[in-house]
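By the count of my numbering, the sequence shown reaches residue 158 at its end, each step adding exactly one.
Below is one structure, written out as structure tokens; comments come after it.
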Amino acid sequence: MNTATRPSYLRWAAIALVFVGGGFGAASREGLSLAIPNLGEVPIAIPIINVIGAFLLGYLYEAVTRLDKARPTGANLKLLLGTGFCGGFTTYSSLATDTAVLFRDGLPGSAVIYALATVIVGACATWAGIAIASAVNNRSSSPRKDEQEDAT
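Shown next, in the form of structure tokens:
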């Protein structure tokens with residue numbers, strides 16, 4: 007199979023973009039998880055990281071969908087930032103592990119709130135990212151007032 011007929015997920019350039027983005031995402035997650043202290047017995051770094059990642063994915067989704075489809079920039083950004091960086095940055099498996107540890111440690115109420123709040127706030131963060139990117143795109147794509155006056 008030659009390079010032209012190979013699906014994008016099997017091309018070395020695409021794999022490299024995901025690899026580089028994932029490395030930076032995982033390193034960023036680790037740095038933040040070391041910098042953010044627990045709230046009593048509840049580890050809050052992972053929910054904060056997941057909510058930030060959800061916002062970034064929402065923003066990226068909306069911003070990239072508006073890019074020129076004829077150019078590979080949008081697809082490359084999705085691979086580098088979406089699949090790579092955000093995939094390496096977020097960690098819902100750690101959220102599940104932390105929730106299980108809270109249950110094990112006799113904190114079922116904290117465990118349920120921890121898990122549900124993270125997922126609900128993450129969904130809201132994704133929506134906020136989409137809304138903000140949409141507003142930014144609408145503002146940048148609409149003609150400025152002085153351009154409208156020049157046209158008349």
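Ideal placement from N, C-alpha and C gives every residue a C-beta, glycine not left out.
Three-state secondary structure assigned by DSSP to residue i
i	result
L73	coil
L113	coil
Cβ distance (whole Å) where residue i is taken to contact residue j below 8 Å
i	j	result
T97	N56	7 Å
L73	G64	Incorrect: roughly 16 Å between the Cβ atoms, too far for contact.
V48	S99	About 18 Å separates the two Cβ atoms, so there is no contact after all.
T105	G27	Incorrect: roughly 27 Å between the Cβ atoms, too far for contact.
F95	G135	F95 to G135, Cβ: 14 Å. No contact.
8 Å Cβ cutoff, residue i in contact with chain D
i	result
G112	Protein chains in the displayed structure number just one, and chain D is not present.
Beta-carbon contacts of residue i that lie in its chain and below 6 Å, excluding the five residues immediately before and after
i	result
A139	Y65, E68, A69
L85	A20, L23, V24
Close Cβ partners of residue i (< 7 Å) along its chain, the five nearest in sequence each way excluded
i	result
G128	N56, V57, A60
Same chain, Cβ closer than 8 Å to residue i, five either side skipped, listed in chain order
i	result
A131	V57, I58, A60, F61, G64
D111	E47
Secondary structure, beta strand (DSSP E): runs of 3+ residues fully inside the stretch 73-142: With a minimum length of 3 residues, no continuous beta strand (DSSP E) run stays inside the stretch 73-142.
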